[in-house]
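Mind the numbering: the sequence shown is residues 1326 to 1719 in the numbering used here, read in order.
Quick reminder that beta carbons are idealized off the backbone N, C-alpha and C, glycines included.
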Amino acid sequence: MDDTLTQSLLNWVNTFPVSSTANTVHDLDDGIVLFEVLSQITPHICANVVIKREVNDNYLLKVGNLKKVTGCLTDFFTHELGVHDTALELINLTTIAKGEYIVGGGGERDMVQLMELVLGAAVECENKNHFIENIMLMDETSQQDLMVVIERVIRRHQQGGGPASPQVGRGGVGGVGGGGDYNLDGDWEMELIRLRKERDEAHTSFHQLSLEHVAMGSEVAQLKQDKEQLVETIKALENQVEEKEQLIEFEKKRGKENKAEDSLLINMAKQSREMNEQHTEALQLELEEKEREISELKKKIEEQAKAAQELRKLRDKLDIMEEKVAAASKTEEKFARLQGKLEEVADLKQQYKVSVGVCCGVCAYVCMYISCLNSLFTVVCCVGMMCVCVYACV
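Written out as structure tokens, the structure reads:
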């Protein structure tokens, strides 16, 4: 493990107003300082998280604090950036909490990886400009080390990507369709695919602009430093001119008799003044050129801010489209269920018609049977009457 890189990360952590200064990685193994730093980077995520302040040498409490730090980082990368492959699962928090640091590996490597992810969150959050300016105020060696870390973290996030896009087939969203008469409009599917592609391209462009922003911030700081040096040089030259003019006036007042020497002094003063004026003009031109470069860098920074705003709008539009697609999918499912119920109703109607036909046949048969019974009853009555008559005659 590079000791220079570790020290640069510790110097960056100490730029934040925290409860204690971190001189070594051992000062961070309780998770308190890292959580305080992360709370300033993502206050909306860490607002409802509480850590243990009095941990002493209890490594279980330290592990609990470190888990809360990694949990906040996971929420930020997953929900804010859509990045799932953050390498947080590879960090051994128990080794860090127990202080099992091995030179060049072990707990020290895990702690450095954790600090690198916190740094990545700082340069990818909404208030990244503030944290990048703080990095630009650090020494040149630390700036170079942190630039390498930032580039590595951003490249890892680009390779990890965001959440997987749902598959879209010919039958509709999520593979629904093919058996019914209702299909989603294909334009929605194409629009969703196009928006996802634009989101990925914008995300890649955004990370590239972030790297350029960090580099330009370093150039702006250097230009400001050069400007201050030029201003100091101009003031020094002006002071020299004033001193020489005062010297000439003093010599005049003394009233030297040798006019040749006075003339020589005057000529030397004029030549010196002209040389100083030329030098001052050259410095002023250089200062104006530096100011123009600073203005151009500020314009580029504004363009980066606009690009980030466009990326947020694109994300909002994609979320709306996904909600519409989900609503349409639910509507299609409801339509399929209603179609099945309609088929069941048609079967019931057919069964009803058959039952009505059977009932009509049974009713006709019953009527015929009743008619036969009536006829039989009439015959029986007639026979009874005849028997009565016969009996009466006998």
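Tell me, to the nearest whole angstrom, how far the beta carbon of residue 1449 is from that of residue 1333; I am working on the premise that it is less than 8 angstroms.
Going by Cβ atoms, the distance from residue 1449 to residue 1333 rounds to 19 angstroms, so no, they are not a contact pair.
Looking at residue 1565 and residue 1601, is the spacing between their C-beta atoms short of 8 angstroms?
Remark: C-beta atoms of residue 1601 and residue 1565 approach each other more closely than 8 angstroms.
Whole angstroms is fine: what's the gap from residue 1474's alpha carbon to residue 1609's?
Near 38 angstroms, if we compare the C-alpha coordinates of residue 1609 and residue 1474.
From the DSSP output, in three-state form, read off residue 1535 for me.
Three-state DSSP puts residue 1535 in a helix.
Excluding five sequence neighbours on each side, which residues of the same chain lie with their C-beta closer than 6 angstroms to the C-beta of residue 1335?
Within the same chain, residue 1335 has close Cβ partners 1347.
Would you kindly report the start and end of the unbroken alpha helix (DSSP H) that includes residue 1380?
Segment: none, residue 1380 is in no alpha helix (DSSP H) and carries neither H nor E.
Can you say whether residue 1667 is buried or exposed, counting buried as having 16 or more other CB atoms within 10 angstroms of its CB?
Flag for residue 1667 reads exposed.
Whole-Å CB distance - residue 1652 paired with residue 1531, under 8 angstroms assumed
Not confirmed; about 29 angstroms, so no contact.
Are residue 1432 and residue 1445 closer than 8 angstroms when you measure CB to CB?
No, the Cβ-Cβ distance between residue 1432 and residue 1445 is not below 8 angstroms.
Close Cβ partners of residue 1471 (< 8 angstroms) along its chain, the five nearest in sequence each way excluded:
Excluding positions up to five away in sequence, the list reads 1333, 1334, 1337, 1444, 1460 and 1463.
Close beta carbons around residue 1416, own chain, < 8 angstroms, minus the five adjacent residues each side:
If we look at residue 1416 and ignore the five residues flanking it on each side, its Cβ neighbours are 1395, 1435, 1438 and 1439.
Drop a sphere of 10 angstroms on the beta-carbon of residue 1703, count the other beta-carbons inside from all chains shown, and report buried for 16 or more, exposed for fewer.
The residue is exposed, with fewer than 16 neighbouring Cβ atoms inside 10 Å.
Sub-8 angstroms separation of residue 1387 and residue 1376 beta-carbons:
Here residue 1387 is not near residue 1376, since their CB atoms are 8 angstroms or more apart.
Following the continuous alpha helix (DSSP H) through residue 1342, name the residue where it begins and the one where it ends.
Element bounds for residue 1342: n/a, residue is neither H nor E.
Same chain, Cβ closer than 7 angstroms to residue 1739, five either side skipped, listed in chain order:
Coverage of the chain is limited to positions 1326 through 1719, which leaves residue 1739 absent and any answer about it impossible.
In three-state DSSP terms, what is residue 1509?
For residue 1509, the pLDDT reaches just 38, beneath the cut-off of 50, and the residue's location in the model is therefore unreliable, although a value from the coordinates is still provided. When DSSP states are grouped into helix, strand and coil, residue 1509 belongs to the coil group.
Does DSSP classify residue 1409 as helix, strand or coil?
Residue 1409 sits in coil when the DSSP states are folded into three classes, being neither helix nor strand.
Does residue 1372 come out as helix, strand or coil in the three-state DSSP assignment?
Coil at residue 1372, not helix or strand.
Quick check: residue 1612 and residue 1649, are their CB atoms within less than 8 angstroms of each other?
Result no, Cβ atoms of residue 1612 and residue 1649 do not sit closer than 8 angstroms.
Can you find at least 3 beta carbon pairs, one from the stretch 1621-1640 and one from the stretch 1537-1547, that sit closer than 8 angstroms?
They touch, by the three-pair rule.
Residue 1420 to residue 1557 span [Cα, whole Å]
One C-alpha to the other measures close to 53 angstroms.
Backbone secondary structure at residue 1403 - three-state DSSP
Looking at residue 1403 - three-state DSSP - the assignment turns out to be helix.
For residue 1378, which residues from the same chain have a beta carbon less than 8 angstroms from its beta carbon, with the 5 sequence-adjacent residues on both sides left out?
These residues qualify, in order along the chain: 1357.
Rounded C-alpha distance that separates residue 1352 from residue 1468
Between residue 1352 and residue 1468, the C-alpha separation is close to 22 angstroms.
Environment of residue 1355 [buried if 16+ CB atoms lie within 10 Å]:
Per the 10 Å Cβ criterion, buried.
Is DSSP giving residue 1347 helix, strand or coil here?
If DSSP states are grouped into helix, strand and coil, residue 1347 belongs with coil.
I need the DSSP call for residue 1494, collapsed to helix, strand or coil.
Because residue 1494 sits at a pLDDT of 33, beneath the cut-off of 50, its placement in the model cannot be relied upon, and the following sentence gives the value as read from the coordinates. Strand, per DSSP.
Pull up the distance between the alpha-carbon of residue 1364 and that of residue 1373, whole angstroms please.
When the Cα atoms are used, residue 1364 and residue 1373 turn out to be separated by approximately 10 angstroms.
Residue 1691 burial status per 10 Å Cβ neighbour count (16 or more: buried):
It counts as exposed.
Going by other Cβ atoms of all chains shown within 10 Å of its Cβ, with 16 needed for buried, is residue 1604 buried or exposed?
Residue 1604 is classed as exposed because its beta carbon has fewer than 16 other beta carbons within 10 Å across all chains shown.
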